[in-house]
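First residue of the sequence shown? That's 38 in my numbering, and the numbers climb one at a time after it. C-beta: ideal position from N, C-alpha, C; glycine also.
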Amino acid sequence: MAEEKNQSVQYIINHLLQQLYLNKIVPGEKLPPFRNHAKELGVDPSSLRTALKQMESMNLLEIKRSDGAYVNDFMKHAGIDFLSQLFAISESEDPDHVVDEYLVDEVFAFWNMVFPEIMFVASNHFSALDMKKIIEILDNQLAHVDDIEMLTELDIVMQDIVGELSHNMVVTLLFNSLKAIRYRITAVFYRELDRESRIQFLQMKKKGLCRQMSGNLDLKWSSEEHRKALETYRQKIRQSMLGKVFQKDIA
(Lines of atoms letter the chains of each structure in order from A and count residues from 1; the text may use other names and numbers.)
(Lines give C-alpha, C1' and ligand atoms only; values in the text may rest on other atoms or scores of the structure.)
Protein backbone atom coordinates (compact mmCIF):
# COMPACT_ATOMS: atom_id res chain seq x y z
CA MET A 1 0.00 0.00 0.00
CA ALA A 2 2.78 2.43 0.93
CA GLU A 3 4.65 1.54 -2.26
CA GLU A 4 1.54 2.21 -4.35
CA LYS A 5 1.14 5.60 -2.67
CA ASN A 6 4.80 6.47 -3.33
CA GLN A 7 4.37 5.56 -7.00
CA SER A 8 1.23 7.67 -7.17
CA VAL A 9 3.01 10.64 -5.55
CA GLN A 10 5.89 10.34 -8.00
CA TYR A 11 3.47 10.14 -10.92
CA ILE A 12 1.79 13.38 -9.80
CA ILE A 13 5.13 15.17 -9.34
CA ASN A 14 6.41 13.99 -12.73
CA HIS A 15 3.19 15.09 -14.41
CA LEU A 16 3.15 18.55 -12.82
CA LEU A 17 6.88 19.13 -13.40
CA GLN A 18 6.39 18.53 -17.09
CA GLN A 19 3.34 20.77 -17.15
CA LEU A 20 5.45 23.51 -15.52
CA TYR A 21 8.35 23.11 -17.93
CA LEU A 22 6.04 23.19 -20.95
CA ASN A 23 4.23 26.27 -19.57
CA LYS A 24 0.93 24.40 -19.58
CA ILE A 25 0.54 25.76 -16.08
CA VAL A 26 2.03 29.23 -15.75
CA PRO A 27 3.44 31.40 -12.93
CA GLY A 28 0.69 32.88 -10.78
CA GLU A 29 -1.88 30.33 -11.90
CA LYS A 30 -3.97 28.72 -9.19
CA LEU A 31 -4.24 24.94 -9.40
CA PRO A 32 -7.75 23.45 -9.49
CA PRO A 33 -9.57 22.91 -6.18
CA PHE A 34 -8.00 20.04 -4.30
CA ARG A 35 -10.70 17.38 -4.70
CA ASN A 36 -11.35 18.31 -8.33
CA HIS A 37 -7.64 18.16 -9.08
CA ALA A 38 -7.29 14.69 -7.52
CA LYS A 39 -10.24 13.48 -9.59
CA GLU A 40 -8.80 14.96 -12.81
CA LEU A 41 -5.48 13.19 -12.24
CA GLY A 42 -7.14 9.95 -11.17
CA VAL A 43 -5.27 9.86 -7.85
CA ASP A 44 -6.28 9.77 -4.20
CA PRO A 45 -6.34 13.08 -2.29
CA SER A 46 -3.69 11.90 0.18
CA SER A 47 -1.16 11.30 -2.63
CA LEU A 48 -1.94 14.67 -4.21
CA ARG A 49 -1.49 16.45 -0.88
CA THR A 50 1.92 14.79 -0.39
CA ALA A 51 3.00 15.60 -3.95
CA LEU A 52 2.03 19.27 -3.67
CA LYS A 53 3.88 19.57 -0.36
CA GLN A 54 7.02 18.14 -1.99
CA MET A 55 6.69 20.59 -4.86
CA GLU A 56 6.27 23.43 -2.38
CA SER A 57 9.55 22.36 -0.75
CA MET A 58 11.16 22.67 -4.22
CA ASN A 59 9.81 26.27 -4.41
CA LEU A 60 7.67 25.34 -7.40
CA LEU A 61 4.38 26.07 -5.64
CA GLU A 62 3.11 28.38 -2.95
CA ILE A 63 0.35 26.78 -0.90
CA LYS A 64 -1.86 29.35 0.81
CA ARG A 65 -3.92 28.09 3.72
CA SER A 66 -7.67 28.09 3.01
CA ASP A 67 -6.97 29.40 -0.50
CA GLY A 68 -5.09 26.89 -2.64
CA ALA A 69 -1.84 26.18 -4.47
CA TYR A 70 -0.30 28.79 -6.76
CA VAL A 71 2.36 28.16 -9.39
CA ASN A 72 5.77 29.80 -8.98
CA ASP A 73 8.08 30.76 -11.85
CA PHE A 74 10.59 27.90 -11.85
CA MET A 75 13.20 30.07 -13.58
CA LYS A 76 13.13 32.45 -10.60
CA HIS A 77 12.52 30.09 -7.70
CA ALA A 78 13.48 26.48 -8.48
CA GLY A 79 16.82 24.80 -7.94
CA ILE A 80 18.80 22.11 -9.70
CA ASP A 81 16.49 19.45 -8.20
CA PHE A 82 13.76 20.61 -10.63
CA LEU A 83 15.99 19.86 -13.62
CA SER A 84 17.33 16.65 -12.09
CA GLN A 85 13.80 15.37 -11.59
CA LEU A 86 12.92 16.11 -15.22
CA PHE A 87 15.95 14.14 -16.40
CA ALA A 88 15.17 11.30 -13.99
CA ILE A 89 11.85 10.65 -15.74
CA SER A 90 12.70 7.81 -18.09
CA GLU A 91 11.16 7.20 -21.50
CA SER A 92 9.73 3.90 -20.23
CA GLU A 93 7.85 5.76 -17.48
CA ASP A 94 6.60 8.47 -19.81
CA PRO A 95 7.00 8.19 -23.61
CA ASP A 96 6.13 11.90 -23.89
CA HIS A 97 8.80 13.04 -21.43
CA VAL A 98 9.96 16.60 -22.06
CA VAL A 99 13.74 16.21 -22.06
CA ASP A 100 14.13 17.32 -25.65
CA GLU A 101 17.11 18.21 -27.82
CA TYR A 102 17.01 21.87 -26.78
CA LEU A 103 17.18 21.10 -23.06
CA VAL A 104 19.98 18.57 -23.63
CA ASP A 105 21.96 21.22 -25.52
CA GLU A 106 21.49 23.69 -22.64
CA VAL A 107 22.92 21.12 -20.24
CA PHE A 108 25.82 20.38 -22.60
CA ALA A 109 26.67 24.08 -22.71
CA PHE A 110 26.71 24.22 -18.90
CA TRP A 111 28.77 21.03 -18.59
CA ASN A 112 31.34 22.29 -21.08
CA MET A 113 31.78 25.43 -18.99
CA VAL A 114 32.26 23.73 -15.64
CA PHE A 115 33.69 20.23 -16.09
CA PRO A 116 37.07 21.17 -17.64
CA GLU A 117 37.63 23.61 -14.76
CA ILE A 118 36.75 20.95 -12.18
CA MET A 119 39.04 18.54 -14.04
CA PHE A 120 41.82 21.13 -13.83
CA VAL A 121 41.36 21.55 -10.06
CA ALA A 122 41.18 17.78 -9.51
CA SER A 123 44.21 17.06 -11.70
CA ASN A 124 46.36 19.12 -9.33
CA HIS A 125 45.55 16.48 -6.70
CA PHE A 126 46.03 13.38 -8.88
CA SER A 127 48.39 10.78 -7.47
CA ALA A 128 50.09 8.28 -9.77
CA LEU A 129 47.55 5.70 -8.57
CA ASP A 130 44.63 8.02 -9.41
CA MET A 131 45.94 8.53 -12.93
CA LYS A 132 46.50 4.79 -13.36
CA LYS A 133 42.90 4.17 -12.28
CA ILE A 134 41.52 6.70 -14.79
CA ILE A 135 43.73 5.36 -17.60
CA GLU A 136 42.37 1.86 -16.88
CA ILE A 137 38.84 3.25 -17.21
CA LEU A 138 39.75 4.87 -20.54
CA ASP A 139 41.31 1.60 -21.78
CA ASN A 140 38.12 -0.19 -20.79
CA GLN A 141 36.07 2.38 -22.68
CA LEU A 142 38.24 1.97 -25.78
CA ALA A 143 37.75 -1.79 -25.53
CA HIS A 144 33.95 -1.27 -25.47
CA VAL A 145 33.75 1.70 -27.83
CA ASP A 146 30.60 0.34 -29.53
CA ASP A 147 28.74 -0.32 -26.27
CA ILE A 148 27.07 3.00 -25.42
CA GLU A 149 25.72 1.79 -22.07
CA MET A 150 29.15 0.57 -20.96
CA LEU A 151 30.84 3.77 -22.21
CA THR A 152 28.34 5.84 -20.24
CA GLU A 153 28.63 3.88 -17.00
CA LEU A 154 32.44 3.96 -17.12
CA ASP A 155 32.42 7.69 -17.84
CA ILE A 156 30.18 8.33 -14.83
CA VAL A 157 32.64 6.40 -12.65
CA MET A 158 35.45 8.59 -13.97
CA GLN A 159 33.43 11.79 -13.43
CA ASP A 160 32.77 10.73 -9.83
CA ILE A 161 36.50 10.19 -9.27
CA VAL A 162 37.24 13.66 -10.67
CA GLY A 163 34.54 15.20 -8.46
CA GLU A 164 35.92 13.48 -5.37
CA LEU A 165 39.50 14.53 -6.17
CA SER A 166 38.47 18.18 -6.50
CA HIS A 167 38.44 18.06 -2.67
CA ASN A 168 35.51 20.48 -2.71
CA MET A 169 32.29 19.68 -0.87
CA VAL A 170 30.16 21.86 -3.17
CA VAL A 171 31.47 20.07 -6.26
CA THR A 172 30.82 16.68 -4.66
CA LEU A 173 27.25 17.59 -3.67
CA LEU A 174 26.62 19.16 -7.09
CA PHE A 175 27.78 15.98 -8.80
CA ASN A 176 25.40 13.98 -6.58
CA SER A 177 22.49 16.26 -7.53
CA LEU A 178 23.40 16.07 -11.21
CA LYS A 179 23.65 12.26 -11.35
CA ALA A 180 20.56 11.68 -13.52
CA ILE A 181 21.46 14.63 -15.75
CA ARG A 182 25.08 13.52 -16.10
CA TYR A 183 24.02 10.01 -17.05
CA ARG A 184 21.55 11.20 -19.69
CA ILE A 185 23.85 13.70 -21.41
CA THR A 186 26.84 11.35 -21.29
CA ALA A 187 24.74 8.67 -23.00
CA VAL A 188 23.62 11.20 -25.63
CA PHE A 189 27.23 12.34 -26.10
CA TYR A 190 28.53 8.87 -26.95
CA ARG A 191 25.45 7.83 -28.88
CA GLU A 192 25.49 10.85 -31.18
CA LEU A 193 29.23 10.71 -31.93
CA ASP A 194 30.39 8.34 -34.66
CA ARG A 195 32.78 5.54 -33.76
CA GLU A 196 35.87 7.39 -35.00
CA SER A 197 35.02 10.50 -32.94
CA ARG A 198 34.47 8.40 -29.82
CA ILE A 199 37.89 6.78 -30.22
CA GLN A 200 39.52 10.14 -30.94
CA PHE A 201 37.99 11.71 -27.81
CA LEU A 202 39.02 8.86 -25.51
CA GLN A 203 42.53 8.72 -26.92
CA MET A 204 42.90 12.48 -26.43
CA LYS A 205 42.06 12.10 -22.74
CA LYS A 206 44.39 9.14 -22.32
CA LYS A 207 47.25 10.95 -24.04
CA GLY A 208 46.82 13.93 -21.69
CA LEU A 209 46.94 11.72 -18.61
CA CYS A 210 50.02 9.87 -19.87
CA ARG A 211 51.76 13.20 -20.43
CA GLN A 212 50.77 14.31 -16.94
CA MET A 213 52.22 11.12 -15.46
CA SER A 214 55.50 11.87 -17.21
CA GLY A 215 55.44 15.47 -15.89
CA ASN A 216 55.22 16.87 -19.42
CA LEU A 217 51.86 18.64 -19.40
CA ASP A 218 50.65 22.19 -18.77
CA LEU A 219 47.44 21.48 -16.85
CA LYS A 220 45.79 24.83 -17.65
CA TRP A 221 46.53 24.42 -21.35
CA SER A 222 45.19 20.86 -21.20
CA SER A 223 42.00 22.08 -19.50
CA GLU A 224 41.40 24.60 -22.28
CA GLU A 225 42.06 21.98 -24.96
CA HIS A 226 39.56 19.70 -23.24
CA ARG A 227 37.00 22.52 -23.23
CA LYS A 228 37.57 23.24 -26.93
CA ALA A 229 37.21 19.56 -27.80
CA LEU A 230 33.96 19.28 -25.84
CA GLU A 231 32.59 22.39 -27.55
CA THR A 232 33.53 21.04 -30.99
CA TYR A 233 31.74 17.78 -30.25
CA ARG A 234 28.79 19.67 -28.79
CA GLN A 235 28.35 21.55 -32.06
CA LYS A 236 28.44 18.27 -34.01
CA ILE A 237 25.91 16.69 -31.67
CA ARG A 238 23.73 19.78 -31.79
CA GLN A 239 23.59 19.67 -35.59
CA SER A 240 22.82 15.95 -35.50
CA MET A 241 20.04 16.26 -32.90
CA LEU A 242 18.41 19.33 -34.41
CA GLY A 243 18.60 17.74 -37.85
CA LYS A 244 16.51 14.87 -36.50
CA VAL A 245 14.00 17.34 -35.03
CA PHE A 246 13.58 19.11 -38.38
CA GLN A 247 13.15 15.78 -40.15
CA LYS A 248 10.41 14.86 -37.66
CA ASP A 249 8.69 18.22 -38.20
CA ILE A 250 8.80 17.80 -41.98
CA ALA A 251 7.46 14.25 -41.70
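Taking C-beta atoms as the reference points, M156 and H263 count as a pair closer than 8 Å. The three-state reading of DSSP puts K244 in helix, counting H, G and I together. Where L210 is concerned, there is no enclosing beta strand (DSSP E), although the alpha helix (DSSP H) around it starts and stops at M206 to S214. Two segments are said to touch when three or more pairs of C-beta atoms, one from each, lie closer than 8 Å; by this definition the stretch 85-105 does not touch the stretch 173-192. Taking a 10 Å sphere around the C-beta of D110, we find fewer than 16 other C-beta atoms and assign the residue as exposed. With contacts defined by Cβ atoms closer than 8 Å, L78 and L89 do not form a contacting pair. Within the same chain, I172 come within 8 Å of C247 by CB-CB distance, once the 5 residues on both sides are set aside. According to the DSSP assignment, A115 belongs to no beta strand (DSSP E), since it is labelled neither H nor E. Take the alpha-carbon of L267 and the one of V194: they are about 18 Å apart.
Around the beta carbon of P153, 16 or more other beta carbons lie within 10 angstroms, which makes this residue buried. DSSP places E66 outside any alpha helix (DSSP H), giving it a letter other than H or E. CA-CA distance, K244 to I236, rounds to 12 Å. V80 carries a coil assignment under DSSP once its states are collapsed to helix, strand and coil.
Remark: C-beta atoms of A159 and S203 approach each other more closely than 8 Å. Of Q249, D118 and F163, the smallest CA-CA separation from L210 is found for D118.
The straight-line gap separating the alpha-carbon atoms of I218 and F212 is approximately 9 Å. A distance below 8 Å separates the beta carbons of R72 and P82.
Beyond the five residues adjoining it in sequence on each side, I174 comes within less than 7 Å, by CB distance, of L191, V194 and M195 in the same chain, given in chain order.
Residues E229 of the same chain have their beta carbon placed closer than 8 Å to that of S277, with the five preceding and five following residues left out of the count.
A residue is called buried when at least 16 other Cβ atoms come within 10 angstroms of its Cβ; W258 does not meet this threshold and is exposed.
Taken atom to atom, the span from the alpha-carbon of A180 to that of Q240 is near 12 Å.
Under the DSSP assignment, V144 falls outside any beta strand (DSSP E), being part of the alpha helix (DSSP H) whose first and last residues are E138 to S160.
Beyond the five residues adjoining it in sequence on each side, L254 comes within less than 8 Å, by CB distance, of G245 and R248 in the same chain, given in chain order.
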